[in-house]
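See structure below.
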Amino acid sequence: MKSVVLLSDARHPVSGRAVLSRLEAQAIGLGTALGGTLTGLHAGDCEDGVQESLGHGLSALDILSLPPEADPVSALTDFLKAQKADLILAGRRGEGGFDSGLLPYALAEALGLPILADAVALTPGEATDTLVVDQALAKGARRRVTVRLPALVTVHPLAPAPLPFAFGAMRRGTIRRHVAEAADASTDPVEERPYRARPKLMRTSSATASAENLHVGPEPEEAARLILDYLESNGIRRYG
Amino acid sequence: MTRPRIDPRASRTEQRVASGENGRRRYDLSSRTASNPIGPPRRDPRQEWAASLIDRPGRRRYDRSQRPVARGGASNVEAARVGSAAEAVSTEPTVRIIEEPAFLVFAFVDAPGGRLSRFDRQVLGGARLLADAGGGGGAVVAIVAEEIDGLGAAGADRVMSLPTNGSASARAAALRAAIETHAPRHVLFAEDGDAADCARRLSVALGEPLFSNVEHLTARQVVRPNRGRRAELAAAPPRLMTLGEDRAKMHAGAPGEARPLEFETAPSDDQAILSVEIIPGDPARLALSETDFVVSAGNGVTDFEGFRELAALMKGTPGASRVVCDAGLMPRGAQVGASGTVLAADCYFALGISGAPQHLQGIAACEQVIAVNTDLHAAMIERAGLAIVQDAQLVMPALIKLLKERQS
Ligand SMILES: Cc1cc2nc3c(=O)[nH]c(=O)nc-3n(C[C@H](O)[C@H](O)[C@H](O)COP(=O)(O)OP(=O)(O)OC[C@H]3O[C@@H](n4cnc5c(N)ncnc54)[C@H](O)[C@@H]3O)c2cc1C
Ligand SMILES: Nc1ncnc2c1ncn2[C@@H]1O[C@H](COP(=O)(O)O)[C@@H](O)[C@H]1O
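Note that the protein sequences, when read in sequence, are chains C and L.
Residue numbering for the first sequence follows the numbering used here, starting at 30 and increasing by one per position.
Residue numbering for the second sequence follows the numbering used here, starting at 15 and increasing by one per position.
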């Protein structure tokens, strides 16, 4: 199986230095566990952070040189069409760029591939050319989807931690540079300004004890019934 | 602040009472005149305190939170101020009906298990804000996949049910058809899970930009972080938006009617998806920060075998206070509180926990709290929505017995 991990130009949240995004490092871990060949792909001009991926288990890295603000979708599409990869892995959101998480979807549309979001585990399917993807849902639930390859999968932060970093592996890994045609990024009329932290809403409880919900010294059986009824009427759990 | 100035001499003269020719000058100081206008009515602090008194036997308790609670006294503050406590204000909310909406605002509601989460309510609240923008008259349409209770109270005027067969692309295609027919002014999603996925599919399919992870939402402007929170982007509210968690207020006004809005689509199928299966989370093995229901033990619990059995039967994740973890009775990973895990759960069940401030910090986000404690004056009893003053060692076996009865 041939897999490609998409690597973006991520920035460290505090220092602003170029780093490898943690999500993409987790994607490398998931891809490595699947077996087959796994390579990295980055479109842009930032090599410092992306190079780290070689130390996390990639054997080779393709870099499509583009000017900093160019739109990477068309360059990535052309390259991936030629590559014919079975599986394309990406992070669900970038860290330090436009951070909209739209690139994998735009790419899937351009390549005509199915896309599955928020994967936490990947296993080969029973039939050849299929993949079983576990998607993270709220409250610890998982959705197990079997998909026919080729497909594009984005990775959730709850996926297993990335493989440990090895400096020697990073030095040994091969980097292949390609020239790509830059498409103009669409100019959007949004105003950019320095970030201002805004307070989140306070989470307060809606229910405080009132007279009818305070029970002093009830029989234990009565107390048990009250507790289960409270849970069921508030829709927390159903018993029996 | 400006107030009309009082001319003391003029008001004195106006207050003079006509009296006999050679009698003493007399004044009526209680009369209010044009040059001595009545100021704001005087506050009566005693009556205000009386209105926030919770009628509960025993120790006096006051509710000074500014939440509107359905309490006998609370609605009487206004009446008490005027001086006639005779007629109590009706607390029955009137449903607000929008017959001919000027425009529509779609709110994508995920609500797994048919229950509105806090985040879903915030999305509906944000949509309500956009629908009331400008002249108002807009209607909020909740986009749902299954039957959900309480959509009206959360601010929805219409409900549109889009059938799903579990495939995300089919749902996005149905929503796209609905958007093309009804042409909503805004479509609001949660920046989380399936909603975020659907928003991005739609943005690519419609070829429209998506304003993702909105952190500041008003009728005039939306703001989202950019470049790893070193910059932010501001714009007038566009059509497609995803909202960050805890960024918009829930709807608190009059409930909407949540009238069903018919929409027919032929469910399409994604050829590449071969099978879909939902695996429910196992609460016993979930991390405390991920679960929705925590059953927790404090220093008042002595039978830990029974406690673990109870947590498993109640399908809750076991937690503990620091005292219990320090004593080695529960693993450190189970500690709830400031130096343990801060919960995001909906419900917290505290057995024999006093409710120290460091512990209460950890459960600040829990909407429902149940406390069992022998001490009526424990802080946990005060925090709880259902408080039971009883020995935890007696309640636990009773609960286990009742749960086993209900299961069989
Ligand atoms: C810096 C710092 C950080 C801390 N961080 C945390 C933290 O993260 N998490 C945390 O939990 N604590 C924390 N603490 C400790 C905290 O202050 C309290 O000491 C602790 O929470 C008390 O735990 P407890 O309620 O289980 O025990 P206690 O305070 O001993 O309370 C036991 C309660 O059980 C009741 N009880 C007794 N017998 C029974 C019975 N048979 N049936 C029913 N009820 C009974 C009693 O009435 C009492 O209310 C921290 C303290 C400090 C100084
Ligand atoms: N220039 C790029 N080259 C390769 N992959 C990218 C690039 N930008 C983004 N990606 C991938 O798309 C994901 C989402 O990025 P974004 O849409 O920018 O939030 C990232 O986690 C990467 O996997």
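Even glycine gets a Cβ: it sits at the ideal position worked out from N, Cα and C.
- Of the candidates L/M174, L/P71 and L/E229, L/M174 places its Cα closest to the Cα of L/E276.
- Nearest Cα to L/L224 within the set C/Y134, C/A167 and C/L181: C/Y134.
- CA-CA distance, C/L166 to C/P189, rounds to 16 Å.
- For C/L187, there is no enclosing beta strand (DSSP E), as DSSP marks it with neither H nor E.
- In terms of beta-carbon proximity, C/V79 stays away from the interface with chain L, with every pair separated by 8 Å or more.
- DSSP places L/A272 outside any alpha helix (DSSP H), giving it a letter other than H or E.
- If you check the C-beta of L/I367 against ligand 1, you find a heavy atom less than 7 Å away.
- Under the criterion of beta carbons closer than 8 Å, L/I367 and L/S310 qualify as touching, at roughly 6 Å.
- Close partners of C/E138 in chain L (Cβ separation under 8 Å): V218 and A219.
- Residue contact with chain C for L/R60: absent (no Cβ-Cβ distance below 8 Å to any residue of chain C).
- Bridge pairing for L/F122: L/I157 [DSSP].
- If you draw a straight line from the Cα of L/P252 to the Cα of L/I157, it comes to about 19 Å.
- In this structure, L/D134 has its beta carbon at no less than 7 Å from each heavy atom of ligand 1.
- DSSP, reduced to helix, strand and coil, places L/T256 within a strand of the structure shown.
- Nearest to L/P411 by C-alpha distance, out of C/G197, C/D91 and C/E250, is C/E250.
- In the DSSP annotation of this structure, L/Q29 is not part of any beta strand (DSSP E), being labelled neither H nor E.
- When rounded, the separation of the alpha-carbon atoms in C/K31 and L/Q235 is 45 Å.
- Look at the beta carbons and you see the region 135-144 of chain L touching the region 198-212 of chain L: at least three pairs across the two are nearer than 8 Å.
- Per DSSP, reduced to three states, the secondary structure at L/N313 is coil, with no helix or strand assignment.
- Per DSSP, L/C361 lies in no alpha helix (DSSP H) segment; the continuous beta strand (DSSP E) that holds it begins and ends at C361 to L365.
- When beta bridges are read from the DSSP output, C/Q164 appears opposite C/A148 and C/R172.
- If you look at L/V403, you'll find it in the beta strand (DSSP E) that goes L400 to V403.
- By DSSP's assignment, C/H71 forms a beta bridge with C/I92.
- Secondary-structure assignment with DSSP links L/N179 through no beta bridge to anything.
- Proximity of chain C to L/T355 at the Cβ level (cut-off 8 Å) is not reached, the minimal Cβ distance being about 14 Å.
- Taking 7 Å as the cut-off, the C-beta of L/A379 does not count as close to any heavy atom of ligand 1.
- DSSP places L/F321 in the uninterrupted alpha helix (DSSP H) bounded by F318 to L327.
- Along the region 226-241 of chain L, the positions whose C-beta sits under 7 Å from a C-beta of chain C are S226, E229, H230, P239, N240 and R241, read in chain order.
- Per the C-alpha coordinates, the member of C/D128, C/E155 and C/L109 positioned closest to L/A245 is C/D128.
- Among the residues facing chain L, C/I265 is included, as its CB has a counterpart in that chain under 8 Å away.
- The residues L136, A139 and L140, in chain order, have a CB closer than 8 Å to that of C/T106 in the same chain once the five nearest residues on each side in sequence are set aside.
- A distance of 8 Å or more separates the beta carbons of C/V176 and C/L187.
- Considering only beta carbons, the part of the region 367-399 of chain L lying closer than 9 Å to chain C consists of I377, A378, A379, C380, E381, Q382, V383, I384, A385, V386, L390, I395, E396, R397, A398 and G399, in chain order.
- With fewer than 16 neighbouring CB atoms inside 10 Å of its own CB, C/P97 falls in the exposed class.
- Boundaries for L/R243: no beta strand (DSSP E) harbours it, and the DSSP string shows neither H nor E there.
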